[in-house]
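S.K.: Numbering (UniProt numbering), first residue to last: 1 to 286. Here you go, one structure.
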Amino acid sequence: MKPFPIPVVGLGPGSQPEDPDLSYMPLPREIEGFDMPYLPTAEEVTNLAAAKQVMADLITALKAYDGDASQYPVLDITHLDSENRALINQLLGEGEVSAMTKPVAGGELRIQESVFAGIWRVLEEDGQGNVIADRIEACPIPHQVWQEAQAFGRAEAVMPDPGNVPLMNAGYVMQEIAAKLSQPLGMEPHIINFSLLPMSPEDMAYIDSCLGGGNSGVFSRGYGKCRVMSTALKNVWKVQYFNGMNSILLDTIEITRIPEVALASMEDLEDSLLRLEEAYEWLTGE
């Protein structure tokens, strides 16, 4: 996984070493809590009016946000010069969740949560890896993650004949998934917990072949390490939780729009609003 081209990490005294961004396949080694990024003094940023205006606009929009999963504050900062962009990077820092999706129309979206939960940096790239858009989005998770997964996924499960491969429960699991896909998506996720089922390696290989690979992934290191990957089936996600040794603790399938573990809550966003206001007051010397 190539590195996030914009260093969304705190700078200056007290900042942490930079870790690889958007590496949801390699597992991070530790859990991190909230650390307010290093804030320059108002005198140091007197000439960076554009970045301060972006922060003011973000705070205003976040105050009016009602929690809608698709309609939420989006600020395009593609036009910012390098100095103003550096200040935005410095203010937002790097949070606990990263994501990636490959839209069906082409290109790639690489997403990094800031240290303010629910405030995301979204980089849109073309097919050659060139950044064509840079956005700040305030929401549970950028909607492209699950919308593109839905657009990519098949509506029906295909279960090929396993041939001479001995299976224990894979057939029953796939029948359960197929039955759920034939029904309207419910408000609550339907969860299949492989950790509680007698599953052979052949079972898991067969299920993986039936599910196929998706185009979206989320990695969270907040309340323990968790990897959320879409599959080639619409609204079917693989969710795995890991311990400190990067061994799987819980292995599940969730049939839902997007697993809740990947989402920031409204309480997170409300707390982030308060912290953003504190940071803005520091910048403006108020």
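We put the beta carbon where it would ideally sit given N, CA and C, even for glycine. In this text the structure is predicted, and so the values were computed from the model without any measurement.
Would you mind reading off the limits of the alpha helix (DSSP H) that contains T284?
M.R.: M266 to T284
S.K.: Taking the straight line between their C-alpha atoms, what separation do you get for Q128 and G107?
M.R.: 8 Å
S.K.: From the DSSP output, in three-state form, read off V54 for me.
M.R.: helix
S.K.: Any contact of the segment 96 to 113 with the segment 166 to 185, i.e. 3+ C-beta pairs under 8 Å?
M.R.: no
S.K.: Here's the rule: buried if 16 or more other CB atoms are within 10 angstroms of the residue's CB, otherwise exposed. What is V115?
M.R.: buried
S.K.: Between L48, E113 and G67, which lies nearest to N84 when the distance is taken from Cα to Cα?
M.R.: Nearest of L48, E113 and G67 to N84, Cα basis: L48.
S.K.: Write down every uninterrupted run of the alpha helix (DSSP H) in the segment 193 to 265 whose length is 4 residues or greater and which is fully enclosed by it, in chain order.
M.R.: Segments of the alpha helix (DSSP H) lying fully in the segment 193 to 265: 201 to 211.
S.K.: Under 8 Å between the Cβ atoms of A215 and E148?
M.R.: The sequence shown places Asn at residue 215, rather than the Ala named in the question. Yes, these two residues count as a Cβ contact at 8 Å.
S.K.: Using beta-carbon positions only, say whether A157 and A178 come within less than 8 Å of one another.
M.R.: Against a cut-off of 8 Å, the Cβ pair of A178 and A157 comes out as a contact.
S.K.: Say whether the segment 61 to 75 touches the segment 94 to 101, bearing in mind that this needs 3 or more beta-carbon pairs closer than 8 Å, one atom from each stretch.
M.R.: no
S.K.: Inspect the beta-carbon positions of G153 and T231 and report whether they are closer than 8 Å.
M.R.: yes
S.K.: In whole angstroms, what is the alpha-carbon distance linking M25 and A69?
M.R.: With a pLDDT of only 42 at M25, under the threshold of 50, the placement of this residue in the model should not be trusted; the figure read from the coordinates follows. Spanning the two alpha carbons is a distance of roughly 26 Å.
S.K.: Roughly how many whole angstroms lie between the Cα atoms of R257 and L62?
M.R.: Between R257 and L62, the C-alpha separation is close to 24 Å.
S.K.: Go ahead and pull the three-state DSSP assignment for V158.
M.R.: DSSP places V158 outside both helix and strand once states are collapsed to three, so it counts as coil.
S.K.: In the DSSP assignment, the alpha helix (DSSP H) including A170 goes from what residue to what residue?
M.R.: A170 -> alpha helix (DSSP H) spans A170 to L181.
S.K.: Ignore the nearest five residues each way along the sequence and tell me which others in P166's own chain have a CB closer than 7 Å to its CB.
M.R.: Within the same chain, Cβ atoms closer than 7 Å to the Cβ of P166 are found at E202, the five residues on either side in sequence being excluded.
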